[in-house]
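In my numbering, the protein residues as written are 1379 to 1675.
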């Protein structure tokens, strides 16, 4: 498994107006995004509405995406389910589909029972059963459970667990993990809102919702940082903060899909109960996209 570094968009899952999965639109978005220097793609992440899909649909998405993703670009697949058995099953399907690694969101429904030991046992059993490497996914905004550094470091001790996507934004915790997990363990920022700070403490890249609609800008931050052009990286980081918030914490996947439609990608509807953003929100989003030079004026 090659090192996971650079910018990776967590792809949205396209549906038609009847909420039916549209794999042709998925492949079209991948082909369009391949025009940018992205390191690879994640399917079935939070932005991919994984929790809205059946197991059969997840498998369809993985195979369809792999057909469109060039072999020189990494394919990650989200396989985190509420049970260890289901997570293992979906992880093995991802391997069969040709994913290079899986991203596993921690179980969270029974929060009170998700002790350090329970989480370590869960991840290690998944890693034992997986033919491909595993990345940990910490997403407290969605799970309501923010795994601490001690828990993540113990999970990371497994040889088949190679990295972490952290969407919590706690840079002190991230630095602790980077400093103590070993040089081969790869930490990726989970939001463009803190990409540059994460890179500055040793993150290898980012899995960023914003990269679906602003791949050039996200790659610009990464490339300028790696080339030592810190002022240029800082300028772009500051520019994208507002619009990134709109398509993540503020209005979420519906706003991201609306922005994709504005930019010539296919966004389309979300699955209910997620609702489309309002006309006023769309107008505000459009103006922000223009201000950031993401959408032509």
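Beta carbons: idealized from backbone N, C-alpha and C, even for Gly.
Between residue 1563 and residue 1541, the alpha-carbon positions lie close to 5 Å from each other. Going by DSSP, residue 1621 is part of the alpha helix (DSSP H) stretching over 1608-1623.
A distance below 8 Å between beta-carbons, with the five flanking residues on each side excluded, links residue 1509 to the following residues of its chain, in chain order: 1470, 1473. Residue environment for residue 1514: buried (at least 16 other C-beta atoms within 10 angstroms of its C-beta). In the structure shown, the three-state DSSP call for residue 1643 is coil. In this structure, the beta-carbon distance from residue 1504 to residue 1466 falls below 7 Å. In the three-state DSSP reduction, residue 1654 falls in the coil class, being neither helix nor strand. Around the CB of residue 1632, 16 or more other CB atoms lie within 10 Å, so the residue is classed as buried.
The continuous alpha helix (DSSP H) containing residue 1506 extends over residues 1494-1507. Apart from the 5 residues on each side of it in sequence, residue 1567 sits with its Cβ closer than 6 Å to the Cβ of 1573, 1576, 1581, 1584 in its chain, given in chain order. Here residue 1603 carries a helix assignment [DSSP, helix/strand/coil].
Ranking 1570, 1530, 1561, 1536 by CA distance to the CA of residue 1551 puts 1530 first.
With three or more CB-CB distances shorter than 8 Å, the region 1386-1396 counts as touching the region 1589-1603. In terms of Cβ geometry, residue 1602 and residue 1611 form a close pair [threshold 7 Å]. Residue burial is scored here from C-beta neighbours: residue 1444 has at least 16 other C-beta atoms within 10 angstroms and is therefore classed as buried.
Taking each of 1579, 1461, 1536, 1535 in turn and checking the Cα distance to residue 1553, the smallest one comes out for 1579.
Under the criterion of beta carbons closer than 8 Å, residue 1533 and residue 1570 do not qualify as touching, at roughly 25 Å.
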